[in-house]
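Under our numbering, think of the first position of the sequence shown as 1369, with each following residue one higher. Backbone N, C-alpha and C fix where the C-beta goes; we use that ideal spot for every residue, glycine too. Note sheet for the following structure.
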Amino acid sequence: MIIKKVHLYKIDMKLLSPFSTSYGTVQDRELILLEVEDEQGFTGWGEVVAFSSPWYTEETIQTCFHMLDDFLIPSLLHQQLQKPEDIQKLFKPLKRNNMAKAALDCAIWDLYAKRQNKPLSKVIGGVRSAVEAGVVVGLNDISIMKEQIKTYMKDGYKRFKVKIKPGADYELLKQIRDEFPNIPLMADANSAYTLSDSDSLKKLDELNLMMIEQPLSSDDILDHRLLQKQMKTPICLDESIVSYEDARHAIEQRSCKIINVKIGRVGGMSVAKQIHDLCAQHGVRLWVGGMLEAGISRAHNIALATLPSFTIPGDISASSRYWEKDIIKPEVEVEAGVIKVKGKPGIGYEIDKKFIKTITAFEKEYK
1369 MIIKKVHLYK IDMKLLSPFS TSYGTVQDRE LILLEVEDEQ GFTGWGEVVA FSSPWYTEET
1429 IQTCFHMLDD FLIPSLLHQQ LQKPEDIQKL FKPLKRNNMA KAALDCAIWD LYAKRQNKPL
1489 SKVIGGVRSA VEAGVVVGLN DISIMKEQIK TYMKDGYKRF KVKIKPGADY ELLKQIRDEF
1549 PNIPLMADAN SAYTLSDSDS LKKLDELNLM MIEQPLSSDD ILDHRLLQKQ MKTPICLDES
1609 IVSYEDARHA IEQRSCKIIN VKIGRVGGMS VAKQIHDLCA QHGVRLWVGG MLEAGISRAH
1669 NIALATLPSF TIPGDISASS RYWEKDIIKP EVEVEAGVIK VKGKPGIGYE IDKKFIKTIT
1729 AFEKEYK
């Protein structure tokens, strides 16, 4: 593959309803879309899933644009790639900036699969024709959260994640568990706690949770090891795992029993596959995380979730869960808690370029 052209679209989308975590509330969603074209005219699409402010990682949409515009896209243009993993070697001299790198990495994987006339899921080694979907319930009034869960149960979602923070944790989760004693329930803390909160966190062991996700600092592995020793509830690491080496260290330290893989956070499909293979060797369970993304990234997530060791339903909800209209056709649909994997080449969805043009705030072509 020789990369001849990259087209960048900066788009603005509005979530159907505000989404709240321990960090704050998101309503308006900026995203960057990348269309990469090779010498044969094949195209692949990727999506930058960073947020407008650096609350999840240090990256933002603006820092990602800077990295793409000044470094990553210029270094990719006219390069010959034998396989998608080659892009990781190309970008290795540039430190971190994983979400910017991931968008190009994913676009190359989409393009590569189309060149082979195969679905991306098959090209990366996927084994499923359908993946189970989980859903996230943001912090809100408890009555509203319960009603949301009832709706999602009717839709058939297979796993329910509830955002928590100090002061809105045990009692909130207990009320949910009391009303819904049998649902697969987990909690996501988004790094809101410290080891001094261990006693409060250990109370969650009473609630039969699937896991507690990222309770401690986003850059920590050691303290999570100490906390996991004290808790029966499995700890899942999210923000702490930004590379293959982070995953290896966490496994060796026994800092978690589960890992959430977000393609953007770890730097692309290439690294996500490596982390999958590592966890499969060590018996660490996996699931695919979500980033309030649009359809392109959602399609890549579906492909990733077909790999054999992704055994926990991921945060891959229907497009209609977040958007009045998505940027792909058809939109992602959940039927009885399951998403069918598309059999078309690449990510399997058509890009709605006409709609994208209507929500584009800025675009640039690189040749």
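Those residues which DSSP pairs with residue i across a bridge
i     : result
W1655 : N1628
V1417 : Answer by DSSP bridge pairing: none, since V1417 is not bridged.
F1387 : V1394
P1713 : The partner list for P1713 (beta bridge, DSSP) is empty, contrary to what the question assumes.
Q1582 : The partner list for Q1582 (beta bridge, DSSP) is empty, contrary to what the question assumes.
S1587 : Reading off the sequence, residue 1587 comes out as Asp, not Ser. According to DSSP, which records beta bridges pairwise, D1587 is partnered with nothing at all.
P1487 : G1714
E1453 : Per DSSP, none; premise fails for E1453.
G1493 : For G1493, which the question treats as bridged, DSSP gives no partner whatsoever.
I1429 : The partner list for I1429 (beta bridge, DSSP) is empty, contrary to what the question assumes.
G1412 : V1404
K1460 : Answer is none; K1460 lacks a bridge partner.
V1505 : V1530
K1693 : DSSP, once it has assigned bridges, lists no residue as partnering K1693.
Q1448 : I1370
Where the alpha helix (DSSP H) through residue i begins and ends
i     : result
E1515 : I1510 to D1523
L1605 : Where L1605 is concerned, there is no enclosing alpha helix (DSSP H), although the beta strand (DSSP E) it sits in stretches over I1603 to L1605.
D1556 : Per DSSP, D1556 belongs to no alpha helix (DSSP H); it is in the beta strand (DSSP E), L1553 to D1556.
Y1538 : Y1538 to E1547
K1641 : M1637 to H1650
A1470 : N1466 to R1483
L1442 : Just to set this straight, residue 1442 is Pro in the shown sequence, not Leu. Where P1442 is concerned, the enclosing alpha helix (DSSP H) stretches over I1441 to L1444.
R1593 : L1590 to Q1598
D1614 : Y1612 to Q1621
S1564 : Premise fails: S1564 is in no alpha helix (DSSP H) and is neither H nor E.
A1724 : The question names Ala, but residue 1724 in the sequence shown is Ile. K1721 to T1726 is the extent of the alpha helix (DSSP H) around I1724.
Three-state class that DSSP yields for residue i in the structure shown
i     : result
L1399 : strand
G1705 : coil
G1682 : strand
Y1734 : strand
H1375 : strand
I1309 : As displayed, the chain neither begins before 1369 nor continues past 1735, which places residue 1309 out of reach and without an answer.
K1571 : helix
M1381 : strand
I1664 : helix
6 Å CB neighbourhood of residue i in its chain, flanking five on each side removed
i     : result
K1378 : I1400, A1729 and F1730
L1563 : D1591
D1396 : K1382
E1701 : A1686
F1459 : K1469
A1352 : This structure does not reach residue 1352, given that the chain is present from 1369 up to 1735, and the question cannot be answered.
A1667 : I1715 and Y1717
K1373 : E1405 and K1735
E1403 : H1375, T1411 and W1413
Neighbourhood of residue i by C-beta distance below 7 Å, restricted to the same chain and skipping five residues each side
i     : result
R1622 : R1593 and Q1596
K1732 : L1376
Q1543 : I1510
K1693 : F1723
V1416 : L1399, I1400, I1429, C1432, M1467, A1468 and A1471
Element boundaries [beta strand (DSSP E), containing residue i]
i     : result
A1498 : A1498 to E1500
F1528 : R1527 to K1531
Given residue i as reference, the closest of the options once Cα atoms are compared
i     : options                       : result
V1495 : E1703, I1670, E1733 and E1718 : I1670
N1558 : G1632, D1587, K1514 and L1436 : D1587
E1515 : E1547, Y1538, T1431 and I1627 : E1547
E1703 : I1455, G1502, N1466 and E1415 : G1502
I1626 : G1635, G1657 and Q1598        : G1657
I1715 : E1407, T1674, K1460 and L1540 : T1674
Q1484 : P1713, D1537, D1556 and I1510 : P1713
L1646 : V1634, I1619, R1633 and R1666 : I1619
I1707 : K1722, G1636, R1689 and S1497 : S1497
Y1424 : E1692, E1699, S1608 and Q1642 : S1608
G1651 : V1639, S1638 and A1615        : A1615
P1422 : T1431, Q1408 and V1416        : T1431
T1726 : Y1690, D1380 and E1661        : D1380
A1724 : E1398, I1371 and L1384        : A small fix is needed here, since residue 1724 is Ile in this sequence, not Ala. Checking every option, the nearest Cα to that of I1724 belongs to E1398.
S1665 : M1637, H1434 and I1643        : M1637
K1697 : P1487, I1684, G1663 and Y1612 : G1663
N1508 : T1411, K1531 and G1524        : K1531
L1605 : H1617, E1427, N1628 and L1440 : N1628
Cβ neighbours of residue i in the same chain (closer than 8 Å, five flanking residues each side left out)
i     : result
L1572 : D1537, Y1538, L1541, A1555, I1580, M1599 and T1601
E1679 : Sequence check: residue 1679 is Thr here, not Glu. These residues qualify, in order along the chain: R1653, L1654 and W1655.
K1561 : In the sequence on display, residue 1561 carries Tyr and not Lys. Excluding residues within five positions, the ones whose Cβ falls inside 8 Å are P1534, S1568, L1569, P1583 and L1584.
V1491 : W1477, Y1480, A1481 and Q1484
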